[in-house]
Amino acid sequence: MINFRRSTAVLVGLLTTTALTGPAPATADQETPAEPPKVELVLDVSGSMRANDIDGRSRIAVAQQAFNEVVDALPEETQLGIRVLGATYRGRDKKQGCLDTQQIVPVGPVNRVQAKAAVATLRPTGFTPVGLALREAAKDLGTGSTARRIVLITDGEDTCAPPDPCEVARELAAQGTKLVVDTLGLAPDEKVRRQLLCIAAATGGTYTAAQSADELTGRIKQLVDRARDTHTVTPTVVAGRSACDGAPLLGPGVYRDREAFSEHRWYRVPVRPGQELRASVSVALDRPVNRDHGVLLRATATDGRELVRGVDAGSGRTDVVSAGLRWSATEDRTDEADPTPEASTGTIAATTVCLVVSNSFAPRPGTRATPGMPVELMIDVVASSPAPAAPDLGRGWVLLVLLTLAGLLTGLAAGLLTRWWVATWREN
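Numbering follows the working numbering, with no gaps: position 424 of the sequence shown is 1466.
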């Protein structure tokens, strides 16, 4: 999920699908899953965690304190698990050291005593198999309709690739499961930052650099709370088509898809007269790409005629490119797009609007083209905004008339006063 965290606020206000004749459009999930959200904390316990550079304490000590405070503050309904990497193997055999990852607390209801005791015994030891740990953490969380979140805390770059952590993150995202990976970096290292950014972007997560114990604790709490607060609005997975004909029919909601480089993905949205379609799309750049071009969102009629072309809706982020559009199905514009064929039963006909998402990115040399880049499509259908037929001042004309009269009277008074002064001056 492209987590542009702007999505949560918009989703809460989305309208449910209005009654439409013809095929029922797909709608985003709006029912609260019975199963609570699942979170797994993945902690790096490799040798580099011995460094004493966070508030004068070792990185592992700060991480242990943060874990204890987070565990104490967890809501009872949270399903929590803890996995570590580089925690047990002390040798130099890289092949064996790169298999060093264990789940020390199984995912389930919070057992605070067990969780804190397991974390307290950890000592910095071995290698940093981040990619393998992510794969195993995804297995720990299992599958299901609920949101699943991995929070990775590490101070170093993966030392065991393959598997490359970025590729693992893309594989997990391509599976279409509701899994997000957030990353927390404990060391001011550019390579580490780039790798953690890549992992987070591939799954719609976030990256944060923690410079102190308070920052680390606060951020972990936020991420765990986010898993609980946003699991009811996870985007619905859809598969766009290569043409409008046969494309999925969508209602208001948030949807997730994947798009290959330079591909066009089509979707359909029913809109009735008097309604306005509002749509936006975000494409996550989860791998190195040539940034010469961008993303285009268009609305067309079923015969290919363009109704409106979207505009850039960038948020300032460099890892996500967005675009948005608005189109009103007013009475005098219903001939621009075709009514839904099945909508001929006497009710107001719905217009089928085709949405096409296009990108003109190209992979850099050595960058994998598959799976496609993550796409998040947001759709809302609301009452059309009133558009005046001609320029209208409303009640502002009253003020305009008063100002005009005041100007005329002031000018007349000034003219009379000037004439009187000139006449008086000549007489004297």
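Glycine included, C-beta positions come from ideal geometry on N, C-alpha and C.
Same chain, Cβ closer than 6 Å to residue i, five either side skipped, listed in chain order
| i | result |
| --- | --- |
| residue 1177 | 1210 |
| residue 1097 | 1254 and 1255 |
| residue 1078 | 1119 and 1121 |
| residue 1106 | 1161 |
| residue 1306 | 1398 and 1400 |
| residue 1338 | 1400 |
| residue 1071 | Below a pLDDT of 50, predicted positions are generally treated as unreliable, and residue 1071, at 48, falls in that range; the measurement from the model is reported next regardless. Closer than 6 Å at Cβ, skipping near neighbours: 1278. |
| residue 1136 | none |
Element boundaries [alpha helix (DSSP H), containing residue i]
| i | result |
| --- | --- |
| residue 1137 | 1136-1139 |
| residue 1107 | 1101-1115 |
| residue 1280 | Element bounds for residue 1280: n/a, residue is neither H nor E. |
Local conformation of residue i per DSSP, three classes
| i | result |
| --- | --- |
| residue 1236 | helix |
| residue 1314 | coil |
| residue 1121 | strand |
| residue 1299 | strand |
| residue 1184 | coil |
| residue 1465 | helix |
| residue 1327 | coil |
| residue 1174 | helix |
| residue 1164 | coil |
| residue 1320 | strand |
| residue 1404 | strand |
| residue 1274 | Residue placement at residue 1274 is flagged as unreliable, the pLDDT there being 49, under the threshold of 50; a coordinate-derived value is accordingly withheld. |
First and last residue of the uninterrupted beta strand (DSSP E) at residue i
| i | result |
| --- | --- |
| residue 1144 | 1143-1151 |
| residue 1080 | 1080-1086 |
| residue 1348 | 1348-1351 |
| residue 1095 | 1094-1096 |
| residue 1411 | Where residue 1411 is concerned, there is no enclosing beta strand (DSSP E), given that its DSSP letter is neither H nor E. |
| residue 1340 | 1337-1342 |
| residue 1422 | 1415-1425 |
| residue 1304 | Taken as a continuous stretch (DSSP letters only), residue 1304 belongs to no beta strand (DSSP E), as it is neither H nor E. |
| residue 1370 | 1362-1370 |
| residue 1400 | 1393-1401 |
Chain D within 8 Å of residue i, Cβ atoms only
| i | result |
| --- | --- |
| residue 1417 | Looking for chain D here will not work: only one protein chain is present. |
C-beta contact flag for residue i and residue j at 8 Å
| i | j | result |
| --- | --- | --- |
| residue 1163 | residue 1131 | no |
| residue 1114 | residue 1195 | no |
| residue 1319 | residue 1417 | no |
| residue 1143 | residue 1175 | yes |
| residue 1314 | residue 1289 | no |
| residue 1336 | residue 1362 | no |
| residue 1298 | residue 1415 | no |
| residue 1245 | residue 1214 | yes |
| residue 1279 | residue 1340 | no |
| residue 1317 | residue 1371 | yes |
| residue 1031 | residue 1367 | Shown here, the chain extends from 1043 to 1470; a query on residue 1031 therefore has no answer. |
| residue 1296 | residue 1401 | no |
| residue 1409 | residue 1329 | yes |
| residue 1404 | residue 1304 | yes |
| residue 1100 | residue 1093 | yes |
| residue 1123 | residue 1145 | yes |
| residue 1323 | residue 1419 | yes |
| residue 1369 | residue 1331 | no |
| residue 1128 | residue 1088 | yes |
| residue 1104 | residue 1258 | yes |
| residue 1140 | residue 1240 | no |
| residue 1230 | residue 1251 | yes |
Cut-off 8 Å between Cβ atoms - residues of its own chain near residue i, not counting five sequence neighbours on either side
| i | result |
| --- | --- |
| residue 1200 | 1170, 1171, 1172, 1173, 1206, 1207 and 1237 |
| residue 1234 | 1196, 1197, 1198, 1199 and 1227 |
| residue 1373 | Its pLDDT being 49, under 50, residue 1373 is placed unreliably in this model, and the value from its coordinates should be taken loosely. Contacts found: 1315 and 1316. |
| residue 1262 | 1083, 1108, 1109, 1112, 1193, 1195 and 1226 |
Proximal residues to residue i (C-beta, below 7 Å), its chain only, five neighbours per side dropped
| i | result |
| --- | --- |
| residue 1179 | 1082, 1084, 1125 and 1192 |
| residue 1273 | In this prediction, residue 1273 scores a pLDDT of 46, lower than 50, which makes its location untrustworthy; the coordinate-derived value is nonetheless stated afterwards. Within the same chain, residue 1273 has close Cβ partners 1075, 1079, 1188 and 1189. |
| residue 1138 | 1131 |
| residue 1154 | 1113 and 1114 |
| residue 1406 | 1330, 1331 and 1332 |
Considering only residues of the region 1186-1271, which uninterrupted alpha helix (DSSP H) runs meet the minimum length of 4 residues and lie entirely inside it, listed in chain order?
The region 1186-1271 contains these whole alpha helix (DSSP H) runs: 1207-1216 and 1232-1245.
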